[in-house]
Amino acid sequence: MSELSNYSIRDEIREFWSERAATFDQSVGHEVFSQAERRGWHRLIRKHLGEGQKRPLLDLACGTAVISHLMNDMGFQVTGLDWSDAMLAQARAKAAKRGTDIRFIIRDAENTSEPDESYDAITNRHLVWTLVDVPAAFAEWHRVLKPGGKLLIVDGNMGRSSWVSRLHGAVDRALGLPPAKGHMEPALAERHRRIREQVYFNDGMPAEAVVELLQMAGFVDIVVDRNLWDIHLAQARKMPFWRAAERLASERFAICATKRGS
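Here the sequence shown is numbered in our numbering, starting from 867 and rising by one per residue.
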C-alpha cells in the first residue's frame, strides 16, 4: 500500500496548521494586538468561567498558546494541547519568554488520552469547525471534565457568506476590479477549502447545531453568547477596511456548557 493511501484528512489538517505555525501570530484575530482586545477576552472568560483560582484548565488545539495565555492571565492552571509539533514549539518558546508555567502536551483534541474528570474547565477557539468527528469529540471532552466543570467554545459559522462579502464582490465587479484576494495565498486557500469540504460541519456551523450535539453528549445549562462585540471591534481596528467589515458582520459566538454535577 502506498504512503499516499494512508494519508487522511486528519493528516492534512495537522500539516496545514503546522505549516502556518511560523506566521500564525502575525495575523489579527490569532494573536492579541491591543489591550482593548485583551480586556474583551478577559471579560468573556470571567463571564462564563469566573476567576481561575488555580483550577486546572485544558486548552484544546492551543496552537501558539494565545488562549492559553489569556487563561493563565485569569489564574487558571493551564494545560495546552495540540497535535502539531510546530505549533507547540512556538507555544513553548512564547511561554518561556513570558515566564509562564503553562504545561504543553502533543495530543489529538478528539482523543486527549487525559484521565477521567481531571479538569474544571475546557476551552477552545476556532477548533470545532475543523473536527472530523464532532460527536466523539464532545463525548471525550465531557469525559475529562469534572462534575460541574464547564466547556467554553469560541467559534463561528465560518462557511456562511455574510452580506459584507457579497457587497464587496458587487462593488469590485461594478468598478471592474479583479476578485479580492483573501488573507491566505491561493495554494493555501485551496487547501483550506479542501479541508472544509471534509470536516463534520462542511456545510456551515450554526450555533444551534453545536448546541444540539452538546446536549447529546450530556452537557446541560448551555448558553450561546453572541456578545463578542468588544473583541471583534478591537480586532477590526487593526484590519484593512473590507476585512474589518467582514469580521464585524460574521456570525461568531461563544458557547458555554456544563457537565452535570455529581
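Beta carbons: idealized from backbone N, C-alpha and C, even for Gly.
Just to confirm, are residue i and residue j a CB contact at a threshold of 8 Å?
i, j, result
"residue 949", "residue 880", "yes"
"residue 1088", "residue 998", "no"
"residue 968", "residue 931", "yes"
"residue 1065", "residue 1121", "no"
"residue 1092", "residue 1067", "no"
"residue 923", "residue 985", "yes"
"residue 1008", "residue 1084", "yes"
"residue 946", "residue 957", "yes"
"residue 1080", "residue 1004", "yes"
"residue 942", "residue 964", "no"
"residue 1147", "residue 1015", "In the structure as shown, the chain begins at 867 and stops at 1128. Residue 1147 is therefore absent and cannot be evaluated."
"residue 991", "residue 1020", "yes"
"residue 1127", "residue 1044", "no"
Rounded to whole angstroms, what is the Cα-Cα separation between residue i and residue j?
i, j, result
"residue 1115", "residue 1103", "14 Å"
"residue 868", "residue 953", "Note on residue 868: pLDDT 38, under 50, position unreliable in the model; no value is reported."
"residue 877", "residue 884", "10 Å"
"residue 1028", "residue 1039", "17 Å"
"residue 1052", "residue 939", "37 Å"
"residue 1011", "residue 1062", "28 Å"
"residue 1107", "residue 928", "29 Å"
"residue 1105", "residue 899", "11 Å"
"residue 886", "residue 1086", "35 Å"
Kindly indicate the opening and closing residues of the beta strand (DSSP E) around residue i.
i, result
"residue 969", "969–972"
"residue 1015", "1011–1022"
"residue 944", "943–948"
"residue 1085", "1085–1091"
"residue 877", "Residue 877 -> not in any beta strand (DSSP E); alpha helix (DSSP H) instead, spanning 875–886."
"residue 1123", "1118–1125"
"residue 999", "Element bounds for residue 999: n/a, residue is neither H nor E."
Among the residues of its own chain, which have a CB less than 8 Å from the CB of residue i, if the five just before and after it don't count?
i, result
"residue 916", "none"
"residue 1057", "878, 882"
"residue 888", "952, 956"
"residue 812", "The chain is shown from 867 up to 1128; residue 812 falls before or after that span and cannot be answered."
Where do the N-terminal and C-terminal ends of the alpha helix (DSSP H) with residue i fall, by residue?
i, result
"residue 1104", "Careful: residue 1104 lies outside any alpha helix (DSSP H) and carries neither H nor E."
"residue 920", "Run containing residue 920: none; DSSP gives neither H nor E here."
"residue 938", "932–939"
"residue 986", "Counting along the chain, residue 986 falls outside any alpha helix (DSSP H), though it belongs to the beta strand (DSSP E) covering 985–991."
Going by beta carbon distance, what residues of the same chain come within less than 7 Å of residue i, once the five residues before and after it are set aside?
i, result
"residue 1175", "Since the displayed the chain opens at 867 and closes at 1128, residue 1175 lies outside it and no answer follows."
"residue 1082", "1001"
With a threshold of 6 Å on Cβ separation, who are the neighbours of residue i within its own chain once the five nearest residues in sequence on each side are excluded?
i, result
"residue 1131", "The question about residue 1131 has no answer, for the chain in this structure spans 867 to 1128."
"residue 1000", "1066, 1079"
"residue 1024", "995"
"residue 870", "Residue placement at residue 870 is poorly supported in this model, since its pLDDT is 42, which falls under 50; the coordinates are not used for a value here."
*Taking contact to mean at least 3 C-beta pairs separated by less than 8 Å, is the segment 975–988 in contact with the segment 900–907?*
no
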